[in-house]
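Undergrad: The listed protein sequences correspond, in order, to chains A and B. Here the first sequence is numbered in the working numbering, starting from 122 and rising by one per residue. Here the second sequence is numbered in the working numbering, starting from 122 and rising by one per residue.
2 protein chains.
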Amino acid sequence: MNFVFNERDGCGKCPIRHRAVCARCDEDELSVLEGMKSYKTIEQGEPIIWRGDDLHHISSVVSGIASLSRTLEDGRTQVVGLLLPSDFIGSPGRQTVDFDVTAVTDVTLCRFERRSFEKLVQDVPHISQRVMEMALDELSAAREWMVLLGRKTAREKIATFIEMVVRRDTVPIHAGQPHTLPLTREEIANFLGLTLETVSRQLSSMKKDGVLTFEDRRRFTVLDLAALQDATGDDADGGIIV
Amino acid sequence: MNFVFNERDGCGKCPIRHRAVCARCDEDELSVLEGMKSYKTIEQGEPIIWRGDDLHHISSVVSGIASLSRTLEDGRTQVVGLLLPSDFIGSPGRQTVDFDVTAVTDVTLCRFERRSFEKLVQDVPHISQRVMEMALDELSAAREWMVLLGRKTAREKIATFIEMVVRRDTVPIHAGQPHTLPLTREEIANFLGLTLETVSRQLSSMKKDGVLTFEDRRRFTVLDLAALQDATGDDADGGIIV
DNA sequence: CGCTATCTTGAATCCCTTCAAGTCGCGTGG
DNA sequence: CCACGCGACTTGAAGGGATTCAAGATAGCG
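Next up, the structure:
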């Protein structure tokens, strides 16, 4: 079930072929992209690009997870988004990025030289249409997260985060296997607008309440999904999309 | 300097002609839009569309201000964005809206039937390109606001908000005229993730510190712009875009 | 002129943070 | 093999900033 990504395979075998900026492209358009792309791998913890840096490439995450974040002068940092496979880095039409981008795990990127990509946006409607779709989806997800940051309690924030991790975990839920937190306590805290101590306390509290169990510090199983969803503070139907 | 918007004028005289979804359109494309548009006015305080409602139109704000917000079951409300002239409501490709949209002032919309607009997105690259641009800008602004919601103190939030109001006020600053808060204390609170009492206290505090003076509850003048900008918590260069 | 919505201000409370100490797991090297 | 060190995490206690609850002031409007 898990594709092993191989750079030598063509776009046709790319794991994000049908979700990335190229999703709407036909074979002809894809072959143009094929000639333009280059891959780059960034190791866990390494910066991908800093806020304000000149943006030479527009990239898509092929594998791994990256974070978008901003740090205030005094060190407070807020993670404003996680970039999962198929998400893109950089905006056509902008010369710099507005946030720091960091590899949370090892990350492989599929990159296009920015100027060339901007030309593609002009010439290939399927590209601008797809980037539009993706940007609108991200926008909705970002606004959803604003509700969490502005109005939810620590308990609700943690529950929402866990529920999100469970919902979009690639590992099938029915298999009964534990899920894995992709972030450290500190990274979770910076994503939720909390301190790492509060994150730790809330996770312990949910464990004590029988909502979760932990196999180790990263791996957990949900014991009571209904309780978890109740604790998010959201309506039954409306969930985070991210 | 202030255009009086007149529905009978053509798109050529529209006050948002060069900023809205039609910005990149040429005369021919514009004449197509001309035949499709309809106007609607919503009074201050009235809902424009509720979260989850079927979205029959894609609209642009021509004049006035609208808010995007979400309310949790227990009444906590978070404003996730303000819609100013040229901003659009609704996403091509989505059948519903994810947030409540409310007229903060009297609002005039320029509307397109959603299905027709989606067809335009397919057929007219200038439209999808422009919507893409706008969505990417909104996305960046939303993430910027996430930093505020997640990490800034009440004082910093208020300073950032005031600074934003001042920066994009249509009334020229050099005229020395007072600026006007477009929102009530409660609306400001819901935008900043605070309570209305805290907003009031912080405004009083900034008044006491000689940063601002108030002519009345809505109209104010900045006395010390440097102090205001210092208080935002942002770097000197990096500002909110919204 | 008084009604009402909006806003201000005060006092008490609370949730989260801050500061601090200690635990756990793991790789490294003696 | 185990001591050691280190990063990640947990837990406790104290403190503080924002909220909550409450009372009163102000301004707009019929």
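Even for Gly, the Cβ is constructed at its ideal location relative to N, Cα and C. On a predicted model such as this, the values are computed, not experimentally measured, just so you know.
If we require 4 or more residues per run, which alpha helix (DSSP H) segments fall completely within the stretch 163 to 247 of chain B?
TA: Within the stretch 163 to 247 of chain B, the complete alpha helix (DSSP H) runs of at least 4 residues are 235 to 244.
Undergrad: By a C-beta neighbour count over all protein chains shown, 10 Å radius and 16 as the cutoff for buried, is P206 (chain B) buried or exposed?
TA: Looking up residue 206 (chain B) in the second sequence gives position 85. When all chains shown are included, P206 (chain B) counts as buried.
Undergrad: Hey, quick one: how far does the beta strand (DSSP E) through R340 (chain A) stretch, first residue to last?
TA: Taking the first residue of the first sequence as 1, we reach residue 340 (chain A) at position 219. Its beta strand (DSSP E) spans residues 340 to 343.
Undergrad: So within the stretch 278 to 348 of chain B, which uninterrupted beta strand (DSSP E) runs reach at least 3 residues, ignoring any that extend past its ends?
TA: The qualifying runs are 333 to 335, 340 to 343.
Undergrad: Check K105 (chain A) in the structure and name its three-state DSSP category.
TA: With chain A running from 122 to 363 in the structure shown, residue 105 (chain A) is simply not present.
Undergrad: Answer yes or no: do L154 (chain A) and G211 (chain A) have a C-beta to C-beta separation smaller than 7 Å?
TA: Here residue 154 (chain A) corresponds to residue number 33 of the first sequence, with the count starting at 1. Here residue 211 (chain A) corresponds to residue number 90 of the first sequence, with the count starting at 1. No, Cβ-Cβ distance for L154 (chain A) and G211 (chain A) is not below 7 Å.
Undergrad: Does the pairing of the stretch 249 to 263 of chain A with the stretch 317 to 337 of chain A give three or more beta-carbon distances under 8 Å?
TA: At 8 Å Cβ cutoff, the stretches do not touch.
Undergrad: Is the Cβ-Cβ distance between N311 (chain A) and V225 (chain A) less than 7 Å?
TA: Looking up residue 311 (chain A) in the first sequence gives position 190. Looking up residue 225 (chain A) in the first sequence gives position 104. Cβ distance not < 7 Å, so N311 (chain A) and V225 (chain A) don't count as in contact.
Undergrad: Three or more C-beta pairs under 8 Å: does that hold for the stretch 278 to 290 of chain B against the stretch 270 to 289 of chain A?
TA: With the cut-off at 8 Å, the stretch 278 to 290 of chain B and the stretch 270 to 289 of chain A do not touch.
Undergrad: Which residues in chain A sit within 8 Å of F220 (chain B), going by Cβ to Cβ distance?
TA: Reading the second sequence from its first residue, position 99 is the one you call residue 220 (chain B). Near F220 (chain B) (Cβ distances below 8 Å), the residues of chain A are R264.
Undergrad: Residues in its own chain within less than 8 Å of T334 (chain B) by CB, not counting five upstream and five downstream?
TA: The residue you call residue 334 (chain B) lines up with position 213 of the second sequence. Taken in chain order, the residues that qualify are K328, F341, T342, L344.
Undergrad: Name the DSSP beta bridge partners of S261 (chain B), please?
TA: Along the second sequence, read from residue 1 onward, the residue named residue 261 (chain B) stands at position 140. The partner list for S261 (chain B) (beta bridge, DSSP) is empty, contrary to what the question assumes.
Undergrad: Whole-angstrom Cβ separation of V228 (chain A) and A187 (chain A), contact assumed at under 8 Å?
TA: Position 107 of the first sequence, counting from 1, holds the residue named residue 228 (chain A). Position 66 of the first sequence, counting from 1, holds the residue named residue 187 (chain A). Going by Cβ atoms, the distance from V228 (chain A) to A187 (chain A) rounds to 5 Å, so yes, they are a contact pair.
Undergrad: Return the chain-ordered list of same chain residues with a C-beta closer than 7 Å to the C-beta of A275 (chain A), the five sequence neighbours on each side being excluded.
TA: Taking the first sequence and counting its residues from 1, one reaches residue 275 (chain A) at position 154. Taken in chain order, the residues that qualify are L315, T319, Q323.
Undergrad: Given that a residue counts as buried once 16 or more other Cβ atoms are within 10 Å of its Cβ, and exposed if not, what is E262 (chain A)?
TA: Residue mapping note: residue 262 (chain A) aligns to position 141 of the first sequence, counting from 1. Looking at the sequence itself, residue 262 (chain A) is Ala, so the reference to Glu does not match. A262 (chain A) should be labelled buried.
Undergrad: Are the CB atoms of F220 (chain A) and R191 (chain A) nearer to each other than 7 Å?
TA: Residue mapping note: residue 220 (chain A) aligns to position 99 of the first sequence, counting from 1. Residue mapping note: residue 191 (chain A) aligns to position 70 of the first sequence, counting from 1. Taking 7 Å as the Cβ cut-off, F220 (chain A) and R191 (chain A) qualify as a contacting pair.
Undergrad: In chain A, which residues lie less than 7 Å from V242 (chain B) when you measure between Cβ atoms?
TA: Residue 242 (chain B) sits at position 121 when you count from the first residue of the second sequence. Result: Q250.
Undergrad: Any C-beta of chain B within less than 9 Å: which residues of the stretch 307 to 329 of chain A qualify?
TA: Within the stretch 307 to 329 of chain A, the qualifying residues are N311, F312, L313, G314, L315.
Undergrad: Would you call M267 (chain A) buried or exposed, if buried means 16 or more other Cβ atoms sit within 10 Å of its Cβ?
TA: Counted from its first residue, the first sequence places residue 267 (chain A) at position 146. The residue is buried, with at least 16 neighbouring Cβ atoms inside 10 Å.
Undergrad: Are there any heavy atoms of the ligand FAD lying less than 6 Å away from the beta-carbon of P299 (chain B), as far as the coordinates show?
TA: Because no ligand of any kind appears in the structure shown, any question about the ligand FAD cannot be addressed here.
Undergrad: For the alpha helix (DSSP H) that contains G156 (chain B), what are its first and last residues?
TA: Position 35 of the second sequence holds residue 156 (chain B). Start and end: 148 to 157.
Undergrad: Nearest to R272 (chain A) by alpha carbon, out of A:Q216, A:T353, A:R235?
TA: Residue mapping note: residue 272 (chain A) aligns to position 151 of the first sequence, counting from 1. The shortest C-alpha separation from R272 (chain A) is found at A:T353.
Undergrad: Please check the pair L230 (chain A) and S180 (chain A), which I expect to be a contact at CB under 8 Å, by giving their CB distance rounded to whole angstroms.
TA: For the purposes of this step, residue 230 (chain A) is taken as the residue at position 109 of the first sequence. For the purposes of this step, residue 180 (chain A) is taken as the residue at position 59 of the first sequence. The Cβ separation is near 4 Å, so the contact holds.
Undergrad: Nearest by alpha-carbon distance to E239 (chain A): which of A:R338, A:S326, A:Y160, A:H178 is it?
TA: To locate residue 239 (chain A), count along the first sequence from 1; it is residue 118. Of the listed residues, the one whose Cα sits closest to E239 (chain A) is A:H178.
Undergrad: Name the chain B residues whose beta carbon is nearer than 7 Å to that of G354 (chain A)?
TA: By one-based count along the first sequence, residue 354 (chain A) stands at place 233. The answer, in chain order, is L193.
Undergrad: Using the beta-carbon count (16 or more within 10 Å), is K158 (chain B) buried or exposed?
TA: Working through the second sequence from its first residue, we reach residue 158 (chain B) at position 37. K158 (chain B) is buried by the Cβ-count criterion.
Undergrad: Verify whether the separation of the beta carbon atoms of R306 (chain B) and S321 (chain B) is less than 7 Å.
TA: Your numbering for residue 306 (chain B) matches position 185 in the second sequence. Your numbering for residue 321 (chain B) matches position 200 in the second sequence. Yes; because the gap between Cβ atoms is below 7 Å, this pair is in contact.
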